[in-house]
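Enquirer: The structure follows.
Residue numbers (our numbering): 434 to 657.
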């Protein structure tokens, strides 16, 4: 179990580079200084991945190739890894080609955080786990490690919970800072938000290239 846990966590760790979930939490904290909405978003975000992981664990035994199926049946996972990596690399290239001036403006949909209620923040967090395609792809690829590992359901569920906790850990940083340090926390969160607003383009590009390259390399090594 320990080796599968470490492999799964290492596989999904690259998804922590995407700034969007942290930026959403910062925006919820900044608009009305309301911890409840930020906590609700984080809980919804974690629930989304938890549900996805639970469905994968239930369906996994039926989707896994039988022991005597041969190498050809096992080639689908490297192919998916390479295909997803190519898609992420194309996202990175598109971000580069858009240029700084086009990407620098604040996306219009971010204005919804000004009036988002607590319940809707929870729902938006759940949807975010699906809407962030790059993170969803990384999470699903890591789930294949757990499914292919053949762990008992209880052990596999523990691994998935650890994966969800790691994936959502960046969202907890602003909440902890705000909860523990009050006024100083506000200043730190303001600095974090300004940093992400200023550098979100380069962070996103870096995340896309790192995640895409790692997935392509993983698929090629699996075929080698």
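Even glycine gets a Cβ: it sits at the ideal position worked out from N, Cα and C.
Helix, strand or coil, according to DSSP, for residue 582 in the structure here?
Expert: Working through the chain shown from its first residue, we reach residue 582 at position 149. In the structure shown, residue 582 sits in coil (DSSP, three-state: anything other than H, G, I, E or B).
Enquirer: Is it the case that the Cβ atoms of residue 486 and residue 593 are separated by a distance below 7 angstroms?
Expert: If you number the chain shown from 1, residue 486 lands on position 53. If you number the chain shown from 1, residue 593 lands on position 160. Yes.
Enquirer: Grouping DSSP H, G and I as helix and E and B as strand, with all else coil, what is residue 434?
Expert: As a first step, residue 434 must be located in the chain shown, where it is residue number 1. Of the three classes helix, strand and coil, the one that applies to residue 434 here is coil, per DSSP.
Enquirer: Taking DSSP as the reference, what is the three-state secondary structure of residue 561?
Expert: On the chain shown, residue 561 is found 128 positions in, with the first residue counted as 1. DSSP places residue 561 in helix when its eight states are reduced to three.
Enquirer: Excluding the five sequence neighbours on either side, which residues of its own chain have a C-beta within less than 8 angstroms of the C-beta of residue 519, listed in chain order?
Expert: Position 86 of the chain shown, counted from the start, is the residue given in the question as residue 519. In the same chain as residue 519, and ignoring 5 residues on each side of it, the C-beta atoms closer than 8 angstroms to its own belong to 645 and 649, in chain order.
Enquirer: Do residue 449 and residue 559 come within 7 angstroms of each other at the CB atom, strictly closer than that value?
Expert: Looking up residue 559 in the chain shown gives position 126. Looking up residue 449 in the chain shown gives position 16. Not closer than 7 angstroms, so no.
Enquirer: Taking buried to mean at least 16 other C-beta atoms within 10 Å of its own C-beta, is residue 483 buried or exposed?
Expert: As a first step, residue 483 must be located in the chain shown, where it is residue number 50. Buried: at least 16 other Cβ atoms inside 10 Å.
Enquirer: Inspect the beta-carbon positions of residue 580 and residue 493 and report whether they are closer than 7 angstroms.
Expert: Here residue 580 refers to the residue found at position 147 of the chain shown. Here residue 493 refers to the residue found at position 60 of the chain shown. Cβ atoms of residue 580 and residue 493: closer than 7 angstroms.
Enquirer: Relative to the C-alpha of residue 607, which candidate in 447, 454, 631 and 442 has its C-alpha closest?
Expert: Looking up residue 607 in the chain shown gives position 174. Of the listed residues, the one whose Cα sits closest to residue 607 is 454.
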